[in-house]
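Read through the structure below, which is laid out as structure tokens, and then see the notes.
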Amino acid sequence: MALSLATNRQLTNFPPISNSHSTLHSPSSFPSSPPINNGLISSRCIRWRMKAKFPSRNRESNPRVSGTERRGLSRVCGFRSEESGSGIHRGESESESEEEEDDEEEMGDSVVPERWDVLGLGQAMVDFSGVVDDDFLERLGLEKGTRKIVNHEERGRVLRAMDGCSYKAAAGGSLSNTLVALARLGSRSLGSPSLNVAMAGSVGSDPLGGFYRAKLRRANVDFLSVPVNEGTTGTVIVLTTPDAQRTMLAYQGTSSTVNYDPCLANIIAKTNILVIEGYLFEFPHTAKAIMEACEDAHKSGALIAVTASDVEILGNHADIVFANGDEARAFCQLSSMESPISATRYLSHFVPFVSVTDGTRGSYIGVKGEAIYVPPSPCMPVDTCGAGDAYASGILYGILRGASDLKGIGMLASKIAAIVVGQQGTRLRVEDAVELAESFMDFHFESSKMFSDV
């Protein structure tokens, strides 16, 4: 989870778009790209990319954690260390028991596969979700309902104050939600080969870093990056008051740093789809590393999927883009009154596969100037957090399993999102994933052609 807003960016390097819902630039004014027929995806379509040049970025430094805060984090996360020597509180252990049981059921062997079906490159941050009252916020001088970046001293102060409160710690982040759902959809129990899913990012050598890696591993998502020596793992603290308002505090730590070393380059060379979390482009010092990763990924034949974030990655490298309606409109410089279908059509002239969600109104899939509408799946909303992450997992699963029916892929993604929205928590449950994947594969083998690109 991060506190940056992708909707603030605009795609100023793209040609202007007409304000009409239906009038777009003539197809002749765009680079040529493969056709789509009746919602079936061409095997060449995902390979087509627009080439452009954009400016480079600068680097920043990352603060280090103090010994006092390290001891506080050890207590909160329940890890014993030489410094703290204290374990998890009873209430904290119980708050995680349900997820632990779910994860432990999935743990498989630790054999490194020859290739990775999906590698996610993103922010590795531990989420702390706590229920507090208004007095708690007042004592800490926090304004209810706000979102802000905090330094490591502020983070330590808040976490120490949470000691004794009802809260839960989890391996959080938008990308990890997508990867865990994808791994659960691709479990080997379905008869098809299991999907090999991994993540790369930056965690510290602190207890939180070990916690993050262990939680993903239990969900069959391998975390492949080595912990940063003396680094501090990023966190997001979500404080919910009885009126359901959320106050969010983000500490980036090492999570905003990506080092493109030979080890990561070797992993990317063995990857089918590289998924990049767009939030990373909010940190200038990561841009160069990501660009290098994208270039090598395409050289090795991998597809690149990104969450909406930055002009550079969309224009130069993206094969698949995930965005919500607001983000898509911002990229195309459309007003909030415009329909997301216009933005979907427009973006699909530059990115081979565009996925745009529009909340309760449904979603769109765009390929070569055409947009296919996907109606929403019925559900009783409980918590909308993580809906977009779940939707993205369905799109990726459909592509990896060889589906060519765009509408069918979109319907799977919509069903996954609806299930997550109808529950507490952002993670797709194992039993739901198995049922959805089995239903989709039955439909896929009966009605769609195999997609040969992946």
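Residue 460 is where the sequence shown starts when you use the working numbering, and the numbers rise one by one after that.
Yeah, the Cβ is synthetic: ideal placement off N, Cα and C, and Gly gets one too.
Here the structure is a predicted model, which is why all the values come from computation and not from measurement.
Going by beta carbons, residue 865 and residue 810 fall outside the 8 Å limit. As the crow flies, the alpha-carbon of residue 820 is around 10 Å from that of residue 799. Taking C-beta atoms as the reference points, residue 723 and residue 659 count as a pair closer than 8 Å. In the structure shown, residue 697 falls within a strand segment according to DSSP collapsed to helix, strand and coil. Under the DSSP definition of a beta bridge, residue 631 partners with 584. Assignment of residue 742 by DSSP, reduced to helix, strand and coil, places it in the coil class. The C-alpha of residue 735 lies about 18 Å from the C-alpha of residue 693. Approximately 6 Å separates the beta-carbon atoms of residue 700 and residue 603; this is inside 8 Å, confirming the contact.
Per DSSP, residue 733 is one residue of the beta strand (DSSP E) stretching across 730-735. Shown here for residue 674: same chain residues with a beta carbon closer than 6 Å to its own, the five before and five after excluded, namely 630 in chain order. Excluding sequence positions up to five before and after residue 696, its CB lies within less than 6 Å of the CB of 587, 617 and 708, all in the same chain and listed in chain order. The C-beta separation of residue 640 from residue 849 comes to about 6 Å, placing the pair in contact by the 8 Å criterion. For residue 829, the secondary structure class from DSSP, reduced to helix, strand or coil, is strand.
With contacts defined by Cβ atoms closer than 8 Å, residue 784 and residue 817 form a contacting pair.
When rounded, the separation of the alpha-carbon atoms in residue 665 and residue 869 is 40 Å.
When C-alpha distances from residue 689 are compared across 661, 702, 733 and 609, the shortest belongs to 661.
As for any alpha helix (DSSP H) of minimum length 4 sitting wholly inside the segment 833-882, the runs are 846-859 and 865-880, ordered along the chain. In the DSSP assignment, residue 671 falls outside any beta strand (DSSP E) and lies within the alpha helix (DSSP H) extending over 666-677.
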